[in-house]
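In case it helps, the numbering used here puts the sequence shown at residues 53 to 355.
Presented below is the structure to which this report refers.
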Amino acid sequence: MKNFTKVSRYDWSQTENKTSEISKSELKSLTSLGDIVNTTDINEIYSPLVHYLYLFVHNDKLLLKSMNHFINANNVNKPFIIGISGPVAVGKSTVSRLLKVLLKRLYPTLKVQLMTTDGFLYPNRDLQKKKLMDSKGFPESYNMKLLADFLSDVATGQKEVFYPLYSHELSDIVPGSYGKITNPDILIIEGINTLQIPPNKMIATSDFFNFSIYIDANEKLIRTWFLQRFVHLLVMNQNNPSSFYYSWSNKPKSQAVEMAEKVWQTVNLVNLREYIEPTKGRANVILHKTLDHKINYVYLRNY
């Protein structure tokens with residue numbers, strides 16, 4: 053890719069870094085359904101990535117301190133915001149959680165928080181009114197003004213900033229439920245839309261980011277991971293009437309998988325090609341995955 057340096061897994065693993073032990077049970081709890089991560093991945097991929105990230109965090113804090121000193125302003129703590137982007141089922145949540153844990157362990161003085169942009173989807177009732185249910189996940193299905201206002205408050209160092217919560221079990225916004233960001237040193241934001249440029253000349257989410265990571269893989273692999281995850285969710289929720297997947301889990305498996313394939317072809321694949329994949333060139337780091345979710349290359353933006 054233009055403007056990026058391609059680094060092999062081996063060369064990336066040889067960078068100077070100290071590692072943090074994560075037990076197998078803890079690693080299991082941090083890994084999303086269908087994703088695959090082992091302790092070798094922690095040592096060879098994620099620990100070096102955290103140290104690379106810290107170079108930017110440290111320099112940003114020094115710059116902010118110098119700027120405040122120059123204008124004789126109060127040293128307001130503005131979070132270093134990291135965006136994690138990529139298509140569905142590629143492992144964004146796993147990467148986000150691993151980075152949060154490793155940043156806190158390797159740099160224990162830092163306060164690190166994590167959230168997703170799912171809460172900024174319009175509620176299903178609004179999507180139905182707007183006739184956007186079949187475009188859920190596309191740019192127009194997000195309340196981008198609400199997200200931009202939220203990020204503006206976070207980026208200016210507000211002490212408490214609230215955001216809506218989304219339930220994957222319900223596949224909808226949870227009414228009256230909110231998460232809270234409390235002026236961390238680092239905020240990790242995960243979502244398929246974090247690098248997208250919104251329509252109507254609105255402020256882009258990435259305008260607020262200090263750093264961004266895109267998780268990449270071949271389309272055919274992503275489709276396989278999406279369908280595998282769907283089947284796992286059917287099995288997990290066949291006795292859970294409150295789950296979005298319950299009704300499908302009690303239909304013939306072939307019928308349910310056929311529906312999932314249709315969703316992939318008409319929604320997720322279109323969204324990937326038209327809105328998600330074109331944004332990866334805006335990232336600072338691209339993690340490229342191959343079979344079994346193994347990261348085989350790391351792409352670093354040239355500065």
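Where is the CB? At the ideal position from N, CA and C, for every residue including glycine.
Just mark residue i as buried or exposed, buried being the case when its beta carbon has 16 or more other beta carbons within 10 Å.
i: LYS197; result: exposed
i: GLY243; result: buried
i: ARG177; result: exposed
i: PHE256; result: For the record, residue 256 in the displayed sequence is Ala; it is not Phe. With 16 or more Cβ atoms within 10 Å of its Cβ, ALA256 is classed as buried.
i: MET167; result: buried
i: PRO216; result: buried
i: ALA335; result: buried
i: SER264; result: buried
i: HIS45; result: There is no way to answer for residue 45, as the model of the chain reaches only from 53 to 355.
i: ASN124; result: exposed
i: SER258; result: buried
i: THR82; result: Sequence inspection shows Leu at residue 82; the Thr mentioned does not correspond to that position. LEU82 comes out buried.
i: LEU22; result: This structure cannot settle anything about residue 22, because the visible part of the chain is limited to 53 through 355.
i: THR342; result: exposed
i: ASP356; result: With the chain running from 53 to 355 in the structure shown, residue 356 is simply not present.
i: TYR62; result: exposed
i: ASN262; result: buried
Using a threshold of 8 Å, state whether the C-beta atoms of residue i and residue j are closer than that.
i: PHE56; j: TYR266; result: no
i: ASP233; j: ILE134; result: The question names Asp, but residue 233 is Ile in the sequence shown. No. Outside cutoff.
i: LYS130; j: ALA207; result: yes
i: ASN245; j: THR169; result: yes
i: VAL102; j: LEU151; result: yes
i: GLY86; j: GLN210; result: no
i: GLU221; j: PHE296; result: yes
i: ALA308; j: LEU324; result: no
i: PRO236; j: VAL164; result: yes
i: LEU173; j: TYR194; result: yes
i: ILE88; j: ASP344; result: yes
i: PHE132; j: LEU203; result: no
i: ILE136; j: ILE249; result: no
i: GLY333; j: MET53; result: yes
i: TYR349; j: LYS58; result: yes
Among the candidates the options, whose CA atom is the shortest distance from the CA of residue i?
i: LEU79; options: LEU166, THR71 and ARG149; result: ARG149
i: GLY189; options: ASP112, SER72 and ASP224; result: ASP224
i: ASN270; options: ASN262, LYS303 and LEU339; result: LEU339
i: THR92; options: GLU73, GLU313, TYR194 and VAL128; result: GLU73
i: SER187; options: GLN317, THR342 and PHE202; result: GLN317
i: LEU155; options: GLY171, VAL109, THR168 and LEU199; result: VAL109
i: ASN95; options: SER75, THR342 and LEU179; result: SER75
i: LEU158; options: SER99, LYS182 and LYS144; result: SER99
i: PHE282; options: MET119, ASN90, SER60 and TRP300; result: TRP300
i: LEU247; options: GLU313, TYR327 and VAL315; result: TYR327
i: LYS70; options: SER84, TYR106, LEU321 and SER77; result: TYR106
Can we count residue i as close to the ligand ZN, meaning its CB is less than 7 Å from some heavy atom?
i: SER187; result: As far as ligands go, the structure on display features none, and thus does not contain the ligand ZN.
Check your understanding: Using 8 Å as the threshold, is the stretch 137 to 148 in touch with the stretch 274 to 284, meaning 3 or more CB pairs across them?
Key -> Result yes; three or more Cβ-Cβ pairs closer than 8 Å.
Exercise for review: Let me know the alpha helix (DSSP H) ranges lying completely inside the stretch 170 to 251, each 4 residues or longer, listed in chain order.
Suggested key: DSSP runs (the alpha helix (DSSP H)) wholly in the stretch 170 to 251: 176 to 181 and 196 to 207.
Check your understanding: Whole beta strand (DSSP E) runs in the stretch 255 to 336 with 3 or more residues, listed along the chain?
Key -> Within the stretch 255 to 336, the complete beta strand (DSSP E) runs of at least 3 residues are 263 to 268.
Point to revise | Unbroken stretches of the alpha helix (DSSP H), 4 residues or longer, contained in the stretch 69 to 157 | key: Contiguous alpha helix (DSSP H) elements confined to the stretch 69 to 157 occur at 76 to 82 and 99 to 122, taking only those with 4 or more residues.
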